[in-house]
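Only one structure is covered here, and it is reproduced in the block below.
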Amino acid sequence: VAMSSPTSSPPQSPVATIGSNDGEPPPWQPDADASTCNACHRKFKFHRRRHHCRKCGLVFCHPCSRNTSIIPKWFKDPVRVCNNCKVGLEVEEQAKWAKWDKVEDWDILMFLGEGAFGKVYKVRHKETGEIYAMKVVEKSKLKTSQAKAAMSDEKLLLQTLDHPYIVKLRQSFQTHDKLFMIMDFLSGGDCYYLMTQSKFPEAVVRLHAAQICLALAYCHSKGIIYRDLKPENCVLDAKSNMVLTDFGLAKETDASGCRATQVGTPDYWAP
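Counting from 1, position 97 in the sequence shown corresponds to residue 97 in the UniProt record's numbering; the numbering is continuous, with no gaps.
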């Protein structure tokens, strides 16, 4: 619907616009002072509903507001704007939230597993065709400061560590409600699953144990304690090397520091 110029003065009360209130769209606000709809120019009767465009603040009657454009991409709920504002808003908001578009660069192929805070998927990059693992964390699940700190620590540690037997973080980004971590895809399966399928020869056990020990020794040399060693976090790569994954409980410390907090999986705690 083409919008013509307003025939009444703009509302005197402050108008909430898109992007206010930390990214949440403000609710529709009726304006009793407006006399006519800025689209169809019909006079408002006392019972007729009136609504603002969320961008420019001009007032429309309910039928015209239903016909205006809906921009659902950047918010949890659809946001209505008039057609005059739509083009400029799309350019402005797409530039503002350009990093969100990174989610669209990936095809989700299959679900791999789930942890305390997030789920892991096998994904393919649309442009290169390369396969990776994507960890997706709902921000709503990070309800405590400790949980938020743990996610931040995991990303920072994986960016710092560089070892052949430690999973590599390739990139990370976020949307308004999710965190994404792109890591190497390890196709061999985790140690717990493999042990349920067959027995490992002793020579293979020694090799894999040595690889995990090398990974832990490297972490300790960097002042990092892993704190969640268990078969599920040891995964085979395509070359049958055992790789240490899931640094969600890892913590950076110093030689004089002493931590008494009990963390990890109780069944695998040291006696």
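Each residue gets a CB set at the ideal place from its N, CA and C atoms; glycine is no exception.
Given the structure is predicted, the values throughout are model-derived calculations rather than measurements.
Taking 7 angstroms as the cut-off, the Cβ atoms of N241 and Q211 count as close. Beta-bridge annotation (DSSP): I108 is paired with V123. Inter-residue distance for W269 and H176 is about 36 angstroms (C-alpha atoms, whole angstroms). If only uninterrupted alpha helix (DSSP H) runs of at least 4 residues are considered, those enclosed by the region 126 to 183 are 145 to 160.
DSSP places C56 outside both helix and strand once states are collapsed to three, so it counts as coil. If you draw a straight line from the Cα of I108 to the Cα of K122, it is about 6 angstroms long. Separation of the CB atoms of C82 and C53 is rounded to 4 angstroms, and the pair is thereby assigned contact status at 8 angstroms. Between M181 and K148, the beta carbon gap of about 15 angstroms keeps them out of contact (Cβ cut-off 8 angstroms). V137 and K178 do touch by the CB rule: their CB atoms are close to 7 angstroms apart, below 8 angstroms.
C213 counts as exposed, since fewer than 16 other beta carbons sit within 10 angstroms of its beta carbon.
Under the three-state reduction of DSSP output, D267 falls in the helix class.
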